[in-house]
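Below is one structure, written out as structure tokens; the observations come after it.
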Amino acid sequence: MKSRTMIIRTLSIVLALGSVTLYVQQPHAADREKLLSDPGIYATFAAFKLDPEWWKLDKGVRDTAAAAVKEVVRKHNEQIAIDTYLLRGLSEYADVLIRVHATDMLYNQAFLVDLMGTTFGAHLMNTSTFNGMTKKANYVPNFPDETKAALKTPVDPGAKPYIIVIPIRKDAAWWLLNPEARTRLMKEHTDAAIPYLKTVKRKLYHSNGLDDFDFITYFETDHLADFNNLILALQQVKENQHNRRFGNPTLLGTVHSLDEILEVFTR
Amino acid sequence: MKSRTMIIRTLSIVLALGSVTLYVQQPHAADREKLLSDPGIYATFAAFKLDPEWWKLDKGVRDTAAAAVKEVVRKHNEQIAIDTYLLRGLSEYADVLIRVHATDMLYNQAFLVDLMGTTFGAHLMNTSTFNGMTKKANYVPNFPDETKAALKTPVDPGAKPYIIVIPIRKDAAWWLLNPEARTRLMKEHTDAAIPYLKTVKRKLYHSNGLDDFDFITYFETDHLADFNNLILALQQVKENQHNRRFGNPTLLGTVHSLDEILEVFTR
Amino acid sequence: MKSRTMIIRTLSIVLALGSVTLYVQQPHAADREKLLSDPGIYATFAAFKLDPEWWKLDKGVRDTAAAAVKEVVRKHNEQIAIDTYLLRGLSEYADVLIRVHATDMLYNQAFLVDLMGTTFGAHLMNTSTFNGMTKKANYVPNFPDETKAALKTPVDPGAKPYIIVIPIRKDAAWWLLNPEARTRLMKEHTDAAIPYLKTVKRKLYHSNGLDDFDFITYFETDHLADFNNLILALQQVKENQHNRRFGNPTLLGTVHSLDEILEVFTR
Amino acid sequence: MKSRTMIIRTLSIVLALGSVTLYVQQPHAADREKLLSDPGIYATFAAFKLDPEWWKLDKGVRDTAAAAVKEVVRKHNEQIAIDTYLLRGLSEYADVLIRVHATDMLYNQAFLVDLMGTTFGAHLMNTSTFNGMTKKANYVPNFPDETKAALKTPVDPGAKPYIIVIPIRKDAAWWLLNPEARTRLMKEHTDAAIPYLKTVKRKLYHSNGLDDFDFITYFETDHLADFNNLILALQQVKENQHNRRFGNPTLLGTVHSLDEILEVFTR
Amino acid sequence: MKSRTMIIRTLSIVLALGSVTLYVQQPHAADREKLLSDPGIYATFAAFKLDPEWWKLDKGVRDTAAAAVKEVVRKHNEQIAIDTYLLRGLSEYADVLIRVHATDMLYNQAFLVDLMGTTFGAHLMNTSTFNGMTKKANYVPNFPDETKAALKTPVDPGAKPYIIVIPIRKDAAWWLLNPEARTRLMKEHTDAAIPYLKTVKRKLYHSNGLDDFDFITYFETDHLADFNNLILALQQVKENQHNRRFGNPTLLGTVHSLDEILEVFTR
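Rendered as structure tokens:
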């Protein structure tokens with residue numbers, strides 16, 4: 586990781602000049618695999634609705650606008666991992682969800698500011714933004730070995746077209762429980778989740794102080810019925826009593842490449 | 586049901602190309618009766634308000650726009666069951682409600698994305714979307730035989746012009762009750778509902794994790810007074826203490842064909 | 586009351602054709618007195634704000650638009666009782682409130698859809714809609730004779746320029762009380778209200794399942810101070826502990842004929 | 586005070602004709618001092634934000650619009666006491682707050698409807714409106730003599746540029762307390778407030794049933810630090826446990842004449 | 586500090602005339618260091634979103650607009666300390682946050698009114714405004730010496746690019762605790778915070794009565810992970826049980842000069 590000072594200077598320059606060439610000078614491209622699996626990574630989920638004005642633009646103008654978005658993505662791809670989802674039709678909250686991972690939140694912001702500065706971006710209404718970071722598993726080290734083993738169940742291969750994002754805030758009583766009590770409750774929570782490990786891929790982000798909730802929970806699945814049963818199982822353990830907020834909004838969408846999403850909006 | 590992979594590929598193509606011909610190649614048309622009665626079916630309720638700009642369009646433009654909506658419906662009718670309702674006048678939340686059933690949520694999205702991509706759709710503001718799925722009855726198998734028999738009371742024939750949609754979220758205590766306790770409470774709930782089975786048709790969707798509530802309850806009736814008494818009866822059983830959210834919004838509207846609804850908006 | 590089937594067919598035709606002549610063929614005009622006093626009547630309260638675009642229209646265009654509203658009202662007056670109120674200046678929620686009574690909710694919708702389809706209606710933003718129905722008094726039959734007698738106190742004659750509309754939702758505990766306990770609490774509630782019967786006219790609508798609350802309470806008065814003291818008295822009885830929602834919004838306005846209200850908006 | 590019937594007729598004429606000359610015939614001008622100190626007076630606080638379109642108008646158009654506002658104020662000044670405040674910069678809820686006092690709420694409405702009917706008014710978005718009335722002090726008669734004496738402490742002379750408006754709703758338990766218990770709690774509340782009587786001027790409005798809260802509390806001060814300490818002191822007495830709503834919104838602004846405020850918006 | 590009367594007169598003139606020269610006559614420029622460290626200072630945090638119309642303006646018009654903003658800042662810099670933050674990309678609530686400190690809230694308002702009166706300002710939608718004031722530390726004087734000493738830990742030097750602003754409202758029970766009990770709880774709170782003093786800079790504002798919460802907490806850091814752990818630690822002490830509101834919104838952004846921010850919006 587580069588020195589902090591350099592990052593900051595870079596951001597300032599990026600923000601001030603919007604220069605494309607700057608990032609080309611970066612020595613190493615972003616390692617997508619590491620960004621998506623390492624602890625200490627910062628994630629931003631930004632959800633957008635397209636304003637009605639967009640649809641009044643000529644097809645040609647919209648095509649040019651889409652090309653500019655792709656250019657912005659190409660430029661930032663070296664620093665960050667970008668995933669895009671289509672929520673339109675399944676959520677009143679957003680048409681598009683963009684998930685960004687980077688070693689520093691500054692990179693997430695630099696990309697999103699650039700994106701929102703394009704012609705397409707000028708028509709995006711930012712309806713929700715969730716910030717969080719990844720950490721090493723908190724309770725797992727104190728779980729019994731068989732639970733640890735079960736948690737290593739590999740996810741079934743194959744496309745997982747559905748994603749669900751649920752922000753969660755625990756109540757004050759939760760945080761006042763001693764670590765042993767929380768571990769016990771999380772063990773019960775984990776046991777309820779294990780049957781679904783094969784078909785529902787999960788990822789957890791910590792948000793305390795970075796946003797108005799404590800966790801962002803992210804799920805990918807090909808089997809919505811399994812996912813529905815997973816959540817039902819998690820509602821039936823005692824830890825669920827400590828969820829002061831669960832969703833609001835719950836974001837349900839489908840995985841699509843940026844090209845596919847832009848195609849939907851430039852038809 | 587087609588293989589999952591094929592469905593996904595199809596959706597991507599539909600989304601990317603917006604091709605009409607694709608679906609024509611599907612071997613079997615959607616079986617509306619099965620979609621409306623089977624378990625394991627995915628439903629999306631999408632509510633829309635028309636923006637004020639719509640009314641400034643020429644009658645001719647609006648007529649062409651309406652025709653395009655009908656074409657989109659025709660195209661997707663082979664995959665999904667589409668029902669339309671007029672909420673305008675009875676709800677500040679929406680002018681139109683569209684209920685879609687399919688064997689896969691992807692089909693619901695593909696239709697709604699296509700619909701929202703029409704000229705008419707560009708003027709629709711998506712104010713609420715509810716997602717859920719159907720399941721086999723959960724508590725009925727453990728009910729006494731007379732209750733089971735009573736539940737088979739056929740609904741009176743004839744048009745049921747009114748529909749009501751109420752999302753419900755239970756509290757954490759509900760989900761922590763053991764199955765026997767929940768069955769007992771649901772038996773009491775069911776007994777309260779039985780007198781209204783003839784005049785109020787009910788359908789239940791499970792939403793845990795798919796949206797910000799646990800159930801979508803859907804009702805059709807010709808007798809709003811009976812429906813009002815049904816809800817009153819359901820409020821007077823102990824299970825009602827566990828409803829953390831009931832409505833918000835409650836959507837009341839009337840059943841109308843798409844043609845009738847489009848007629849209202851193109852007059 | 587006409588047969589249900591006929592009503593439904595009529596609505597469909599009204600919605601589809603917007604024909605004025607249809608209603609002229611109806612044999613009996615709506616009996617306003619009965620609609621305003623009978624049980625089993627359906628009421629819709631629709632509140633609107635005028636959008637800023639309205640004010641940019643020429644005086645002539647606005648005059649023509651107002652005339653069209655009067656025509657729509659004339660057409661539906663045979664089926665429904667329409668009351669209009671000016672909220673502008675006293676409520677941020679709405680400029681105008683329209684209260685409609687009919688033997689069937691379909692008539693309320695048909696009128697409001699027609700109204701919203703006029704040029705004036707295209708500039709009305711529907712900010713709140715409350716649905717309810719009238720019923721026979723629930724607890725009064727079990728009240729002591731002197732309370733029954735007191736409830737027959739006639740309202741003072743004369744104009745009552747102020748109206749207040751307050752939606753109320755009771756808590757689950759209320760509905761679980763046995764009828765005797767509720768009657769006891771309602772007796773105390775009624776005793777608190779009796780001193781205000783002369784100057785504050787009241788009307789109650791039941792909304793369970795028809796909207797996001799249990800009751801719409803409607804008041805007319807010439808003495809706002811009396812009304813304020815009435816509510817204060819009602820807050821000081823135990824039944825008030827069971828009001829989970831009281832207002833939100835509370836709508837305060839003044840009684841005005843449609844002509845007066847349209848005059849305000851076409852000056 | 587004129588007869589009620591006359592007032593109503595007058596309002597109808599004012600609303601219908603918008604005639605300026607009508608009010609000139611009123612025999613007595615509004616006594617501002619009495620309106621601001623008497624019990625039984627009705628107050629409306631109307632908060633507005635200017636829409637972005639206003640700023641696109643030519644300076645000349647805005648000047649003419651401002652002159653029309655002044656004319657409306659002049660016309661109604663005979664019936665009502667009008668105070669204006671600038672909230673812009675200190676509150677996201679509103680740019681301008683207008684407080685109106687009259688012997689009848691009808692006058693408040695007539696003025697605000699006239700104001701909102703001007704060119705300037707067409708650009709005002711009404712974000713909050715609070716209605717209340719003044720009453721004789723409720724608990725003071727039962728306070729000990731020394732508390733009564735302390736309450737007569739005169740407010741320091743001099744301009745009080747800051748105003749704060751806080752709506753308050755008590756919980757059900759408060760209203761169920763017997764009068765002695767409430768007097769005891771209000772005595773403690775009053776003792777906490779006495780040290781601030783010199784620098785913070787207070788005025789109380791009763792809103793039960795007239796709006797979605799029980800009280801509007803209004804404060805004027807030259808010393809925001811004193812006001813902050815006053816509220817802190819009031820939070821530390823037991824009566825504060827019964828405040829179910831306190832603010833939401835809290836409106837902080839500065840006292841300015843209408844001319845000054847219009848100057849800000851016509852620069 | 587100048588006499589109050591003079592300040593008020595000055596504000597009125599500033600508001601009425603918008604004169605630049607007035608401030609030039611002020612004898613002493615604002616001492617930024619003192620404003621940012623003294624007790625008794627008034628702060629306003631104003632958050633803005635740019636409306637979509639801004640982006641339709643020509644680059645030249647936007648450049649001229651940006652220059653006017655800089656001129657307004659220059660003019661007011663003599664009275665107030667202005668800090669600017671970029672929230673765009675990391676918060677759906679705002680694009681820009683402006684923090685202002687002055688010896689009097691009037692100065693904060695005068696600056697923000699001037700800013701909002703520019704062409705750029707006409708496109709700023711004020712989404713949140715927080716008001717507060719600084720005070721001497723409340724509980725520290727009663728802490729043990731070692732805690733006092735620990736609190737003097739100097740913050741690590743170097744840029745702190747991230748800022749987080751969290752408004753907090755305590756519950757009624759908190760304010761009813763006796764000072765000793767509160768000191769005890771705050772001692773525990775402080776102990777939890779001490780490990781983060783080096784990397785997370787904190788500043789506290791008191792808002793009781795000035796806004797809809799009791800405190801504005803402001804943080805600057807270069808290490809978001811440390812900040813996240815700080816909040817996590819603060820959630821695990823008993824004082825956290827008394828936070829009725831924590832965030833809503835939580836504002837996360839980055840420190841940028843006004844020039845950098847304007848550059849982003851004029852590209």
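Chains as they are written, first to last, in my numbering: chain A, 586 to 852; chain B, 586 to 852; chain C, 586 to 852; chain D, 586 to 852; chain E, 586 to 852. Ideal Cβ placement from N, Cα and C applies to all residues, glycine included. In this text the structure is predicted, and so the values were computed from the model without any measurement.
- Between the region 770-780 of chain E and the region 811-829 of chain E, the count of Cβ pairs shorter than 8 Å is three or higher; the stretches touch.
- Under the criterion of beta carbons closer than 8 Å, V657(D) and T629(D) do not qualify as touching, at roughly 15 Å.
- Uninterrupted beta strand (DSSP E) stretches at least 3 residues long and entirely within the region 730-807 of chain A occur at 747-755, 785-791 and 800-806, given in chain order.
- Within the region 727-751 of chain A, G743, A744, P746, Y747, I749 and I751 place their CB atoms closer than 8 Å to a CB of chain B, listed in sequence order.
- Between D648(D) and Q694(C), the alpha-carbon positions lie close to 44 Å from each other.
- In the structure shown, S622(E) falls within a helical segment according to DSSP collapsed to helix, strand and coil.
- For I665(C), the secondary structure class from DSSP, reduced to helix, strand or coil, is coil.
- Within its own chain, the residues whose Cβ lies closer than 6 Å to the Cβ of W759(D), once the five positions on either side in sequence are excluded, are H827, listed in chain order.
- Of the candidates Y724(E), V685(E) and D741(E), the residue whose Cα lies closest to the Cα of K733(E) is Y724(E).
- Around the beta carbon of R684(A), a 10 Å sphere encloses 16 or more other beta carbons of the protein chains shown; the residue is thus reported as buried.
- Residues of chain B with a Cβ closer than 7 Å to the Cβ of N711(A) do not exist, since the nearest Cβ in that chain sits about 16 Å away.
- Sequence-distant partners of A722(C) (beyond 5 residues in either direction) whose C-beta falls short of 7 Å from its own C-beta are missing from its chain.
- Counting only runs of 4+ residues, the alpha helix (DSSP H) found wholly inside the region 663-709 of chain C occupies 690-701, in chain order.
- Inclusion of L789(C) and T806(C) in the CB contact set at 8 Å is not warranted, their separation being larger than that value.
- The continuous alpha helix (DSSP H) containing V849(B) extends over residues L843 to T851.
- Sorting S676(E), V849(E) and D844(E) by C-alpha distance to the C-alpha of R659(E) places D844(E) at the top.
- At least one C-beta of chain B is nearer than 8 Å to the C-beta of E638(C).
- The shortest CA-to-CA distance from I779(E) to any of F633(E), T738(E) and F804(E) is the one to T738(E).
- In terms of Cβ geometry, A679(D) and F633(D) form a close pair [threshold 8 Å].
- Distance from the CA of L642(E) to the CA of V654(E), rounded to the nearest whole angstrom, comes to 16 Å.
- The C-beta distance from T719(D) to P624(D) rounds to 5 Å, short enough to fall under 8 Å.
- When Cβ-Cβ separations below 8 Å define contact, H791(E) makes contact with chain D.
- For A722(C), there is no enclosing beta strand (DSSP E), as DSSP marks it with neither H nor E.
- Annotation for F812(C): the continuous alpha helix (DSSP H) segment containing it runs L809 to Q820.
- A direct Cα-to-Cα measurement between F728(C) and P764(C) gives close to 12 Å.
- From the listed residues F800(B), H791(B) and T839(B), the smallest Cα separation to G832(B) is found for F800(B).
- In this structure, DSSP gives T649(C) a helical state, which the three-state scheme calls helix.
- Nearest Cα to L815(A) within the set L836(A), H774(A) and T669(A): H774(A).
- The C-beta distance from F798(C) to I748(C) rounds to 18 Å, too long to fall under 8 Å, and the pair is not in contact.
- Burial of G838(E) is indicated by the presence of at least 16 other C-beta atoms within 10 angstroms of its C-beta.
- Contact note: D623(D) does not reach chain C at a C-beta cutoff of 7 Å; the least C-beta distance is about 13 Å.
- Take the alpha-carbon of I846(E) and the one of Y670(E): they are about 8 Å apart.
- Around the beta carbon of G717(A), 16 or more other beta carbons lie within 10 angstroms, which makes this residue buried.
- Counting only the Cα atoms, A652(B) lies some 38 Å from F812(A).
- Taking the Cα of V740(E) as reference, the smallest distance to any Cα among D796(E), P746(E), M690(E) and K786(E) is reached at K786(E).
- For P834(E), the closest Cβ of chain A is nearer than 8 Å.
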